[in-house]
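Chemist:
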Amino acid sequence: MIAPDVIQRTLGAALAAGGDLAEIFVEDRTSMALRLDDSRIEDVTSGRDVGAGIRVLAGDRASYAYTNLLTEESLRTTAEAARAGLECPAGSVETDLRRVVGGGHSVVVRPEDVGAADKAATLVKANDAARSQGAEVRQVMVSYADVRQKVLIASSDGRLAEDDRTRVRFAVQVVAARNGEIATGFEAPGHSGGFELLQRYDVEDLGRSAASKALRMLDARPSPAGEFPVVLAPGTGGVLIHEACGHGLEADTLVKEASAYAKRHGERFGSEAVTIVDDATETGLWGSFGVDDEGTPAQSTVLFEKGVLVGHMSDVLSAEKIGHPPTGNGRRQSYAHLPIVRMTNTNLLPGDDDPEEIIRSVERGVYAATFAGGEVNPATGNFVFGMSEAYMIENGAIAYPIKGAQLIGNGPRVLGVIDAIGSDFGRKEGVCGKDGQHAPVTNGMSTVLLGKMTVGGTEAG
Amino acid sequence: MTQDLLGLATDLAGRAKGGEVVEAFLTHELNFYVKVFSGEVEALSASEPRGAGVRVFSEGRVGFSYTTDLSAGGRGAMLDAARENASFVTPDEAIGPAEPTDGPPPEIEGMVDRGQEDVRPDSKVRFALELDRATAARDKRVRAVEESVYSDSDTEIAIATSNGISGTYRRTDAWCFSLAIAEEDDDTQVGFEFDLARGLNHLDAVDVGQRAADIALTALGASKIPSARMPVVFEPFTAGQFLGVLGQALTGEAVQKGRSLFAGRTGDTVAASGLTLFDDGRLPGAPGSAPWDDEGVPTSRTDIIAGGVLRSFLYDSISARREGRASTGNASRSGFKSVPGAAPSNLALESTGQSRDELLQGAGKVLLVQDFHGVHSGANPVSGDFSVGVTGMLLDGGEIVQPVKEVTIAAPMLEILSNIRAVADDRRWLPFGGSFGGATTLVSEMTVGGL
C-alpha cells in the first residue's frame, strides 16, 4: 500500500528525536452493509476508510498520531506529531525490512463480486421465513455486512507484515408480541471469509430460529432471584469464559496488577477437565487473522491447562513488560486506535460428559440458552451476564422459559464451580468492547454445569 | 481549521441530478488523548481525522456512502456509490430529505471554549499526571490507579443539501476520568469517576481523582445481602445509565416498528404522577446540545412524559414524515460514516425539588446503587425487562450500614418509572452515546437478588 522506501523514511522521521521503536499501521477498509426493517430494504450503505497510524515507543510510553492522507508529506507530518509526545535519546531504524508471514485466509466468494441485489435477496428470504412463524412475529430486522480490511504494518525493528482480511456477518432480530408481552430473538453468525457464509448457513433457518426464540420467550415467567445450579448451553456460554477468565489474562491488566489473576500463574482454579485456549489461527473463524495489528503472526495460547493457570495474552508493549514474547493478541479497531491486548477465538475445550445427563442431574436450576452479553471488572473479577433466552430446570428436565435472568459471580471462582463439561462443543460470534474499541471475537464451549451461581431476577427465591 | 468544510459540502450538494436531493455531511476533528499510569505518561495520541458522508434521495429511495478521501476523485466515487446504493432500497413515500427552515437557527451559547485553543499539550499532560497523583494520594489503601485519562476534541461539522439546507458549527469538548483500585484485607474494589466540559480549564483533576478513590475506598468490605423487595436509590451515574436504556425506546422509529416498550401507550400514564421526562437539544452547557441536528434541522425541547403521561417521542425527518408530523430535531449520527437516525440529545427527568441529603434522609433503609454491571445485556428497551448486577451501599436514613457487591436488581422498566418517588436537584450529564442527565433518584421498590 506504501512503498518500502517511503515506509523507511517515515519510520526514520518518527525516531528522529529518539525512541525505542517506531511502527506504522496502514489500513484500507472498504465495507458494504444492507439493512431490512419493517419488510423494507431501508439502508444500503458502502464506504471506504483509508488511513495510517504511527506509534513511537520509548520505555513504557507510547506516542501516537494518525492521518487520513497517505502522501509521504502527510506521513512525515504525522510521524513528527507522534514523536512530539516523547523526549528520549535517538533510536535507530533497521534498513532491511523483513517480511513476516502469517496464516492464510480462505475467501471462496468475494463479497465485492456479489451484486447488491443478491445480498438484498438474502435479507428478504430471512424476513419472510421469520414472519412465516406466525402473526405474533411483529417486527423483523435483518442486516448483512461485509468488510475488507487490508493492513500493512512495518516497524523500525525490521518487521514488515501485511494481512488482507474479509469478514461477513448476517443478523436477524425478531420482536414478538402477545397481550402486551414483548420478547425478542436474535441470530447473528459471522466469519472470516466471503459470501459463502450464506451457503454455510441457510438464511431462512436463521430467520425461523430467531423467530421461534422470540415466540418461546413470550411464555416466559419472571426469573427467580437467588442461588441455583446453572447449565450453560453450548456456544453461547463461551462468553462467560471470555469475560470471567479471558479479560483478566490480558497482559496489560496483569502488568498493572489490575487483574484478579495477577501473580497467580501455576495456581489451580478448576478441575482437571478445565482447559482454556485462545486461538487466532483457525482459518475462517470470526476472530481469526493472519497477523495481529502489530504484525505478530496469529498464535494459539493455552490459558488454563487441566485447571491450572499457565498462560496469558499479550501485545508488543505488555510482552516487553512481562518478559515473554508477544502472543499475537495486539489488536486495534482501526488506524485511529492504539493497539491493545485483545482476545481472538477463546474456547473452553470440550469434555466427556453427556449433555443430556448434565440437565438430568439438576433438580432445580437455570438453563442459560442464549446470553445477550456480559461484562467483567478485571480488577475484582466480578462479572454479570444477561440471558436473553433461559429456562427453569425442574426435576432434571427443562420446565418453562424465564425472562430477566442475570448471572452474577466472580471470574477466578467460577472455574471452581464447573462440575461437568459436555462433549457438544459449539461457537458463537460476538463483538468485544474494551477501552472504547471493538473487536470481532468468537467464544466456544460445550454444555457446562455450574454447581452454584447467583441468579438475578424479579421473583424472590 | 484548514479546509473549507462547508465549501466541500456545498460542492457535493451542487452535483445533484434532476429529481435528486443530495445531502453532504462532513466533519473535521482535532483530537488529543493522554493516558497516565503510575506517575508516567503511558500513551499519548494526537490526530486530525476528517471525512464525508452523502445521502442521495430519489423517488422515495435513499442511498448512503462515505469516504475519507476528500479529493475530487474520492468525492465523485462516494457520490456514485450512494446513487447506486439507492437503487436497491425499497421505495417508501416517507423517505426524503429534511426540509429547510427560514434562516439559520439561533446559535447555542458556549459550544466553544475560546480558552481551549491556548491550552498547550504539556498542560494537558500535566493535568493527567495531576489526576493520577490525586487519585493515588487520596489514601494509602489505594493500591494502584489503573489509568488516568485526559482527552479533548475540537470539531467542525458542516452540512449542505441541494434543497437548501446549509450550515456549519464548531464545538470543543474536554473530558477526563480516573480508575482507582483500593485494597484492604484481601478485598479489592475499583472506583471510576469522570468529568466533562467544553475545555480543560473547567475540569478539576484533584476533585475527580479524589472522588474516584473514594468510590473504591467506601466499597471495601462489600458483601452480598439477602434477596428482598426493597427501595432502591440510583446515584446520578446509574440514573443516567438507566435513562440511556430508556432513550433507545423513546424514538418515533422504535415505536413505529414495535421495537419499544412504549409502543401503543401514547396518552397512557406510564410513570409516577409528578414525573416529567424531557429531551432538550438547546440547553446551554449540556454536552448533547447543537444548533441543529445531524440532518440540519433546528434542535428543540420535547416533553416526552409530562405529569406521568406519555406525550411524545423523538423524531428525525423520515420517522416524522411517517406520522405526518414535524421532526423534533433529533437526527443523530455516530460520525460521518453512519446514516442518521433519531436519538436523544440531552435526556433528563425534571427534579422533584429535594436535595440529595433530604432524599436519602427521608428514604429509610435503601440500596444505594453506585454502579451497574451488565446493562447492555440485562436491560431490554424492547421488552422493558431490566435486570442488572450492581455494587452500592445499604443505607438507613442516609447513614451507611454496609457496602454491597455481587447482587442484582430487577423490575420491569415501566414499573420502575411508576415507582420513582423523588428526583433530587443534583443532575449531572453523562455521555452514553448521547447525553443523559442523571440525578439521585428514589425508586420505592425493586427485587434485589443476593444470598
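Heads up: the sequence lines are chains C and W, in that order.
The numbering of the first sequence is this note's numbering, which starts it at 1032 and goes up by one.
The numbering of the second sequence is this note's numbering, which starts it at 10 and goes up by one.
For each residue, glycine too, the CB sits at the ideal point set by N, CA and C.
Being a predicted model, the structure only gives us computed values, none of them experimental.
1. Kindly identify the DSSP beta-bridge partner or partners of Asn1474 of chain C.
2. What residues from chain W crowd round Ser1243 of chain C, counting only those whose CB sits closer than 9 Å?
3. How is Ala1498 of chain C classed by DSSP in three states: helix, strand or coil?
4. Does the beta carbon of Ser1163 of chain C come closer than 8 Å to any beta carbon on chain W?
5. Compare the Cα-Cα distances from Pro235 of chain W to each of W:Glu32, W:Pro421 and W:Gln411 and report the closest residue.
6. Does any residue of chain C have a CB that is nearer than 8 Å to the CB of Met10 of chain W?
7. I need the boundaries of the alpha helix (DSSP H) containing Pro412 of chain W, first residue and last residue.
8. Report the start-end ranges of each alpha helix (DSSP H) in the stretch 1217 to 1285 of chain C that is 4 residues or longer and not cut off at the edges.
9. By how many angstroms is the C-alpha of Val1397 of chain C removed from the C-alpha of Val1206 of chain C?
10. In this structure, what does DSSP give as the bridge partners for Lys1181 of chain C?
11. Does the distance between the C-beta of Gly387 of chain W and the nearest non-hydrogen atom of the ligand ATP fall short of 7 Å?
12. With 8 Å as the threshold, decide whether the Cβ of Val30 of chain W is near any Cβ in chain C.
13. For Ala61 of chain W versus Arg92 of chain W, is the C-beta distance shorter than 8 Å?
14. So is Ser1077 of chain C in contact with chain W if we call contact Cβ pairs under 8 Å?
15. Assign Met422 of chain W to one of two classes, buried (16 or more other C-beta atoms within 10 Å of its C-beta) or exposed (fewer than that).
16. Provide the residue(s) that pair with Thr311 of chain W in DSSP beta bridges, ordered along the chain.
17. What separation, rounded to the nearest whole angstrom, lies between the Cα atoms of Asp13 of chain W and Thr1197 of chain C?
18. Note down, in chain order, all residues in the stretch 51 to 64 of chain W with a beta-carbon under 9 Å from any beta-carbon belonging to chain C.
19. Would you verify that the beta carbon of His382 of chain W is, or is not, closer than 8 Å to some beta carbon of chain C?
20. What do you reckon, are the CB atoms on Ser160 of chain W and Phe41 of chain W nearer than 8 Å?
21. Let me know the secondary structure DSSP gives Asp1144 of chain C once reduced to three states.
22. To be precise: take each residue of the stretch 259 to 270 of chain W, compare its Cβ to all Cβ atoms of chain C, and keep it if any distance is under 8 Å. Which residues remain?
23. What residues from chain C crowd round Asn210 of chain W, counting only those whose CB sits closer than 8 Å?
24. State the DSSP-derived secondary structure class of Met1032 of chain C, mapped to helix, strand or coil.
25. Just reading off the beta strand (DSSP E) that Ala433 of chain W is part of, what are its end residues?
26. Report the residues of the stretch 74 to 95 of chain W with a CB closer than 9 Å to any CB of chain C, ordered along the chain.
27. Where do the ends of the alpha helix (DSSP H) carrying Pro1418 of chain C lie?
28. What whole-angstrom Cβ distance do Lys1434 of chain C and Asp394 of chain W have, given they're in contact under 8 Å?
29. Measure the C-alpha to C-alpha separation of Ala1275 of chain C and Phe1414 of chain C and round it to an integer number of angstroms.
30. Quick one, which residues of the stretch 238 to 254 of chain W are near chain C if we go by CB-CB under 9 Å, in chain order?
31. Is it the case that the Cβ atoms of Ala248 of chain W and Thr400 of chain W are separated by a distance below 8 Å?
32. Mind pulling the chain W residues with CB within less than 7 Å of Glu1406 of chain C?
33. Rounded to whole angstroms, what's the CA-CA distance from Ala225 of chain W to Ala1047 of chain C? Just pull it up for me.
34. Quick check: the stretch 237 to 244 of chain W against the stretch 377 to 386 of chain W, are at least 3 beta-carbon pairs closer than 8 Å?
35. Hey, would you say Leu1438 of chain C sits closer than 8 Å to Val1393 of chain C, going by beta carbons?
36. In chain C, what lies closer than 9 Å to Asn428 of chain W by C-beta?
Modeler: The structure says:
1. Working through the first sequence from its first residue, we reach residue 1474 of chain C at position 443. Answer is C:Thr1377 and C:Lys1459.
2. Position 212 of the first sequence, counted from the start, is the residue given in the question as residue 1243 of chain C. Per Cβ cutoff of 9 Å: no residues; Ser1243 of chain C is ~16 Å from chain W at best.
3. Outside the displayed range of chain C (1032 to 1492) lies residue 1498 of chain C, so it cannot be described from this structure.
4. The sequence position of residue 1163 of chain C within the first sequence is 132, counting from 1. Not closer than 8 Å to any Cβ of chain W, the Cβ of Ser1163 of chain C fails to qualify, so no.
5. To locate residue 235 of chain W, count along the second sequence from 1; it is residue 226. Cα-wise, what sits closest to Pro235 of chain W is W:Gln411.
6. Taking the second sequence and counting its residues from 1, the one referred to as residue 10 of chain W is at position 1. Caution applies to Met10 of chain W, whose pLDDT of 40 falls short of 50 and renders its modelled position unreliable; the value that the coordinates give is listed next. It does not: the Cβ of Met10 of chain W has no partner Cβ on chain C nearer than 8 Å.
7. The residue you call residue 412 of chain W lines up with position 403 of the second sequence. Segment Glu408 to Ala419 is the beta strand (DSSP E) holding Pro412 of chain W; no alpha helix (DSSP H) there.
8. 1228 to 1231, 1234 to 1248 and 1269 to 1272
9. Translated into the one-based positions of the first sequence, residue 1206 of chain C becomes position 175. Translated into the one-based positions of the first sequence, residue 1397 of chain C becomes position 366. Rounded to the nearest angstrom, the two C-alpha atoms are 23 Å apart.
10. For this step, residue 1181 of chain C is matched to residue 150 along the first sequence. C:Asp1059 and C:Asp1195.
11. As presented, the structure is devoid of all ligands, the ligand ATP included, so that no description of it is given.
12. Position 21 of the second sequence, counted from the first residue, corresponds to residue 30 of chain W. Chain C, which has no Cβ nearer than 8 Å to the Cβ of Val30 of chain W, makes this no.
13. What you label residue 61 of chain W is simply residue 52 of the second sequence in a count that begins at 1. What you label residue 92 of chain W is simply residue 83 of the second sequence in a count that begins at 1. In this structure, Arg92 of chain W does not lie closer than 8 Å to Ala61 of chain W by Cβ.
14. Position 46 of the first sequence, counted from the first residue, corresponds to residue 1077 of chain C. Answer yes: the Cβ-Cβ gap between Ser1077 of chain C and chain W drops below 8 Å somewhere.
15. In the second sequence, counting from the first residue as 1, residue 422 of chain W sits at position 413. That one is buried.
16. Translated into the one-based positions of the second sequence, residue 311 of chain W becomes position 302. Partner(s): W:Asp288.
17. Your numbering for residue 13 of chain W matches position 4 in the second sequence. Your numbering for residue 1197 of chain C matches position 166 in the first sequence. Distance between the alpha carbons of Asp13 of chain W and Thr1197 of chain C is about 35 Å.
18. Cβ contacts with chain C: Glu51, Ala52, Leu53, Ser54, Ala55, Ser56, Glu57, Pro58, Arg59, Gly60 and Gly62.
19. Looking up residue 382 of chain W in the second sequence gives position 373. Output row for His382 of chain W: interface = yes.
20. Numbered from its first residue, the second sequence carries residue 160 of chain W at position 151. Numbered from its first residue, the second sequence carries residue 41 of chain W at position 32. Taking 8 Å as the Cβ cut-off, Ser160 of chain W and Phe41 of chain W qualify as a contacting pair.
21. Reading the first sequence from its first residue, position 113 is the one you call residue 1144 of chain C. Correct three-state label for Asp1144 of chain C: helix.
22. Gln265, Lys266, Gly267, Arg268 and Leu270
23. Walking along the second sequence from the start, residue 210 of chain W turns up at place 201. Going along chain C, no residue has its Cβ under 8 Å from Asn210 of chain W, so there is no contact; the nearest lies around 22 Å.
24. Position 1 of the first sequence, counted from the first residue, corresponds to residue 1032 of chain C. Coil at Met1032 of chain C, not helix or strand.
25. Translated into the one-based positions of the second sequence, residue 433 of chain W becomes position 424. Run containing Ala433 of chain W: none; DSSP gives neither H nor E here.
26. Ser74, Tyr75, Thr76, Thr77, Asp78, Leu79, Gly83, Ala86, Met87, Ala90, Ala91, Glu93, Asn94 and Ala95
27. Numbered from 1 along the first sequence, position 387 holds the residue referred to as residue 1418 of chain C. It should be pointed out that residue 1418 of chain C corresponds to Met in this sequence rather than to Pro. Looking at the DSSP string, Met1418 of chain C is not in any alpha helix (DSSP H); the run it does join, the beta strand (DSSP E), is Asn1413 to Glu1425.
28. Here residue 1434 of chain C corresponds to residue number 403 of the first sequence, with the count starting at 1. Here residue 394 of chain W corresponds to residue number 385 of the second sequence, with the count starting at 1. The beta carbons of Lys1434 of chain C and Asp394 of chain W sit about 6 Å from each other, so the pair counts as a contact at 8 Å.
29. Start at 1 with the first residue of the first sequence, and residue 1275 of chain C comes out as number 244. Start at 1 with the first residue of the first sequence, and residue 1414 of chain C comes out as number 383. Cα to Cα, the separation comes out at about 6 Å.
30. Arg238
31. Position 239 of the second sequence, counted from the first residue, corresponds to residue 248 of chain W. Position 391 of the second sequence, counted from the first residue, corresponds to residue 400 of chain W. Cβ distance not < 8 Å, so Ala248 of chain W and Thr400 of chain W don't count as in contact.
32. On the first sequence, position 375 is the one that residue 1406 of chain C refers to. For Glu1406 of chain C, the chain W residues whose C-beta falls within less than 7 Å of its own C-beta are His382 and Gly383, listed in chain order.
33. Position 216 of the second sequence, counted from the first residue, corresponds to residue 225 of chain W. Position 16 of the first sequence, counted from the first residue, corresponds to residue 1047 of chain C. One C-alpha to the other measures close to 43 Å.
34. The stretch 237 to 244 of chain W and the stretch 377 to 386 of chain W touch, with three or more beta-carbon pairs separated by less than 8 Å.
35. The count along the first sequence starts at 1 and reaches residue 1438 of chain C at position 407. The count along the first sequence starts at 1 and reaches residue 1393 of chain C at position 362. No; because the gap between Cβ atoms is not below 8 Å, this pair is not in contact.
36. Here the question's residue 428 of chain W lines up with position 419 in the second sequence. For Asn428 of chain W, there are no C-beta contacts with chain C under 9 Å, since the nearest C-beta of that chain is about 13 Å from it.
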